[in-house]
Amino acid sequence: MNYYEKALLGAEAYRLKDKPVMLAIESSCDETAASVVRGGREVLSMSVFTQIPIHRKYGGVVPELASRSHVEKVGSVVADALEQAVNEHITRGVKKEC
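In terms of my numbering, the sequence shown is residues 27 to 124.
Rendered as structure tokens:
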């Protein structure tokens, strides 16, 4: 990262200092989701894993399978949401300067 990129990130961080960034994690009976939100209103990213294909063959949600799937997938869903948010932040900074 060169000096110019560091300065841009520093300026952006100062501008956003009063807008906290939050990671939200949600699981319903058949979905696991994560989102990164800034200032309570601006969605930076969202990642969802659905279990519909898993439960379709049983004709409905099977609680044991659903629970296990949430545990198995939450890490990758969170990682995906965080990666998307970082990429969105970098992309926005570049677009502003072009």
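All C-beta atoms in this analysis are idealised placements derived from N, C-alpha and C, irrespective of residue type, glycine included.
Secondary structure at V104: helix, using DSSP grouped into helix, strand and coil. The alpha-carbon of G101 is positioned some 31 Å away from that of A37. When secondary structure is reduced to three states using DSSP, R64 falls in the strand class. Residue environment analysis places S53 among the buried positions, since at least 16 neighbouring C-beta atoms fall within 10 angstroms of its C-beta. For L49, the uninterrupted beta strand (DSSP E) run begins and ends at V47 to S53, by DSSP. From the listed residues E90, E57 and A39, the smallest Cα separation to V103 is found for E57. Annotated three-state conformation of V97 is helix, per DSSP. For L35, the enclosing alpha helix (DSSP H) stretches over residues Y29 to R41.
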